[in-house]
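Protein chains in written order, with our numbering: chain A, 77 to 529; chain B, 5 to 327. Ideal Cβ placement from N, Cα and C applies to all residues, glycine included.
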Amino acid sequence: MSALTRRRALALVAPAVAVVTVLAGCSNTSGNNAAGPVPTLTGDCAKYQAFAGQSGKTVTMFASIISPESDSLQKSWKEFSDCTGIKISYEGSNDFESQLPVRVSGGNAPDLAIIPQPGLLQKMVETGKVVKPNDATAANVDKYWNKTWKSFGSVNGTFYAPPMSANMKSLVWYSPKAFTAGGYQVPTTWDQMMQLSDRISATGKKPWCGGIGSGTATGWPATDWLEQIVLRTGGGDVYDKWVSHEIKFNSPEIKQAMQTLQGWMLNPKYVNGGFGDVKSIATTTFQDAGKPILTGNCFMLQQASFYGAQWPAGTQIGENADIFAFYLPGINSSVPTPVVGGGEFTTAFGDRPEVKLVQQYLSTPEWHTSRIKAAKGWVSANNGADQSAYTDPLDKLSAKYLTDANATFRFDASDLMPAAVGSGQEWKSMTAWFAEGKSIDQTVQDIDSQWPA
Amino acid sequence: MSETVLKFGNTIGVIAMFFAILLVVFFAAGRATGRFARPLTIAIFLGPAAVLLLAGLVIPVIRTVYLSLFNGSSSRFVGGDNYEWAFTASPIQKVLINTLLWIVVAPVVTTVIGLAMALLVDRMKRQAFYKSLIFMPMAVSFVGASFIWRFVYEARGPEQPQIGLLSQVVMALGWKNPPNWILAQPLNTFLLMVIMIWVQTGFAMVVLSAAIKAVPDEITEAARMDGATGRKLLFQVTIPMIRNTLIVVLTAIMITTLKVFDIVRTMTGGNFGTQVLANEMYTQSFVFFENGRGSTLATILFVAVLPLVLYNIFQLRRERATR
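Structural data, given as structure tokens:
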């Protein structure tokens, strides 16, 4: 190498090294305020006194909620942040479920994560990185939630994560306008619902539509249908044993529920309005499933509260409008108000006072009311939240059942079962049941065979 | 915002660091003289590739084979049980049959259509235009292509207005009650292959067309003088002349097909009897957490691809040697 090129090489190296040093300096500039005396908050901020004393701190939060929903979320704690000086640095990702375990095991866990599956929460607790909430948070959960909720945020009897939002899955979407035109009444019992289905079927139309297509998650809506029936026929006890596999899929209780489902969503007289035969349920995406209700080719769709976001822009949702939903009625009168739903849980990984304060704040009725006011389409099961704050009739309906202290509330079973079944074989086998006409016996045996030993 | 800037800065820093180290290494290599010059040069140029190959290929292969001899949670040695399962369990047999169908049908059809296109387009005016049209699907990812074709295969009951192209076309042609394409076994597997063929034909066409153009004019002219025309010219002169390229194209598409994952995953998620080996391997490992079974399927896939890859490499070598 000649002297000239050598000098040139050195000239190239020098600035590169300089950049590295400068940037290394940059990454170490987080604030380090010493804890002083707790300031007294006044005026509008006085209500945040319990959270004072951590001004200037930042809490990172990671969740699956993305814009525009996350904008409402950030709006809902703005006042809290302004008053207490605790900054919440929010990050939403579509890839949350796969990213969170990677970050946690990589030592890069967020301070708070909003976990939508109790199964994932359990996996995270097993890593030993989850931090228990403070006593005030636990007290809030005891006071404001139907007591089953605390168990979903607990692992092996230890409470870890307070609930955040909730969704209601026991709903049937319908068109009030079409019901009025046909002279149909909203059914309040299962039998009435089946009679109504027969009546509509007699006119030559299909009363129900459904779709279980969802890309790699194809089959999940079918598992929801089965859960609705198991809870309605067997009650909370059978449901819980089913989740823990004390009652197998291949048992009289579950097979009976499959029979009921067969007479409903696999009934060629009832489905699949607007799409075709029973099998077409397997190829229809769940997003498209309810669209024929708008054109009068279908009358009812069993789907969760979040289906509200799927209606085309301009669709009026309300008790006397284009679209509304009614509560999926019970079957067995000894099971009071069965409700299947889902929710999210605020899980702490950071063991710092400001992290626990934010977690505590997110469990208060005040924050839940603030989030309800921020934008519609968000429901809380916190019964201390201001029910009159809901502006959307559907949110109000969902909240009514989610905060009902007497309701038999259960979490989506497939979210609680081991992933090999709950987000694997159960989806596959239920899909094959719809698409390939497999027998009930074959279906339940296939599902049981994948249950991890 | 500031965090984003910081992260970006850190990324740049790391890249700059990487180049700085490289420069130092090359500089050192350049300074070396005498006895050490040659071994040092070899080590510096081959070293990184060898390390990456070891970390990215050799070690994972050994580990996968090792894991395939264990149970689902890799805690108990089970010997050949997983292999027995893979070749005897009826759902997996179906998967193996589907995979076999894929690697036989898709590459052959793609190559034949690609060859036909190459021959036809070569005689057209403004062939660049037509060639780029046919080549264009190659620019679409398999997932994107699958989404396009999902709309083509979308079916509604015969009494409903159709939104799928295929159903609408066959109904216009007089077929009163066409099936729900994606559910119709075993037709659906072939319908998925159409996507692969659609994407890969452009590739086959472009490579084969170049090979045909490389056939010396004297040879075709001599053949013509001897009275060979049309079909005879094609089968006895052109095809033998481009035989090596044909084989390379065929095996390359075969390897792509063996690894087909995206199409099946996007179109059916492996449901409705369309599952293939690569997707089943993913499902076993990352959905059912059956590491042993997943590793077994991965090993089978690896062993199946290996001879094709080797053959491909030898072909390319031989072709290069003859030139």
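Quick one: residues in its chain with C-beta nearer than 6 angstroms to the C-beta of residue i, no 5 flanking neighbours on either side, listed in chain order?
i	result
residue 112(B)	none
residue 511(A)	355, 358
residue 202(B)	141
residue 257(A)	none
residue 146(A)	168
residue 418(A)	243, 488
Report the rounded CA-to-CA distance for residue i versus residue j, giving the unit in angstroms.
i	j	result
residue 174(B)	residue 163(B)	14 angstroms
residue 400(A)	residue 158(A)	38 angstroms
residue 18(B)	residue 12(B)	10 angstroms
residue 211(A)	residue 450(A)	28 angstroms
residue 129(B)	residue 114(B)	24 angstroms
residue 268(B)	residue 253(B)	23 angstroms
residue 100(A)	residue 16(B)	Confidence in residue 100(A) is poor, its pLDDT being 41 and thus under 50, which makes the residue's placement unreliable; the coordinate value appears in the next sentence. So the alpha carbons of these two residues sit roughly 11 angstroms apart.
residue 76(B)	residue 307(B)	21 angstroms
residue 434(A)	residue 177(A)	22 angstroms
residue 284(B)	residue 192(B)	17 angstroms
residue 420(A)	residue 130(A)	26 angstroms
residue 328(A)	residue 321(A)	14 angstroms
residue 233(B)	residue 239(B)	10 angstroms
residue 302(A)	residue 147(B)	31 angstroms
residue 544(A)	residue 334(A)	Since the first residue shown for chain A is 77 and the last is 529, residue 544(A) is missing from the structure and cannot be characterised.
residue 181(B)	residue 136(A)	57 angstroms
residue 306(A)	residue 150(B)	36 angstroms
Using DSSP with H/G/I as helix, E/B as strand and the rest coil, what is residue i?
i	result
residue 414(A)	strand
residue 260(A)	coil
residue 121(B)	helix
residue 177(B)	coil
residue 231(A)	strand
residue 428(A)	coil
residue 378(A)	strand
residue 83(B)	coil
residue 153(A)	coil
residue 194(B)	helix
residue 250(A)	strand
residue 166(A)	strand
residue 127(B)	coil
residue 289(A)	strand
residue 295(A)	coil
residue 284(B)	helix
residue 403(A)	strand
residue 456(A)	strand
Spatial neighbours of residue i within its chain, please: CB distance less than 7 angstroms, with the 5 preceding and 5 following residues excluded, ordered by chain position.
i	result
residue 528(A)	494, 496
residue 121(A)	159
residue 523(A)	325, 497, 501, 502, 505
residue 227(B)	237, 241
residue 479(A)	457, 459
residue 117(A)	124, 125, 128, 159
residue 201(A)	231, 236
residue 514(A)	508
residue 220(A)	441, 458, 459, 460
Using a Cβ-Cβ cut-off of 8 angstroms (strictly less than) and excluding sequence neighbours within five positions of residue i, which residues of its own chain qualify?
i	result
residue 89(B)	96, 297, 300
residue 476(A)	463
residue 199(A)	177
residue 442(A)	123
residue 84(B)	73
residue 392(A)	398, 399
residue 126(B)	213, 216, 217
Using CA atoms only, rank isn't needed, just tell me which of the options is closest to residue i.
i	options	result
residue 403(A)	283(A), 217(A), 321(A), 472(A)	472(A)
residue 310(A)	285(A), 332(A), 362(A)	332(A)
residue 428(A)	134(A), 118(A), 115(A)	134(A)
residue 183(A)	123(A), 204(A), 170(A), 492(A)	204(A)
residue 458(A)	250(A), 216(A), 414(A)	216(A)
residue 389(A)	367(A), 252(A), 302(A), 268(A)	367(A)
residue 272(B)	392(A), 338(A), 288(A)	288(A)
residue 273(A)	345(A), 467(A), 249(A)	345(A)
residue 469(A)	481(A), 455(A), 172(A), 241(A)	455(A)
residue 251(A)	406(A), 369(A), 343(A), 365(A)	369(A)
residue 484(A)	440(A), 411(A), 445(A), 515(A)	411(A)
residue 317(A)	526(A), 139(A), 144(A), 486(A)	486(A)
Below 8 angstroms on the Cβ atoms is my guess for residue i versus residue j; work out the distance and round it to an integer in Å.
i	j	result
residue 489(A)	residue 275(B)	Between residue 275(B) and residue 489(A) the Cβ distance is about 21 angstroms, and since that is not below 8 angstroms, they are no contact.
Do we get a CB-CB distance below 7 angstroms when we pair residue i with the residues of chain D?
i	result
residue 57(B)	No chain D is part of this structure, whose protein chains are labelled A and B.
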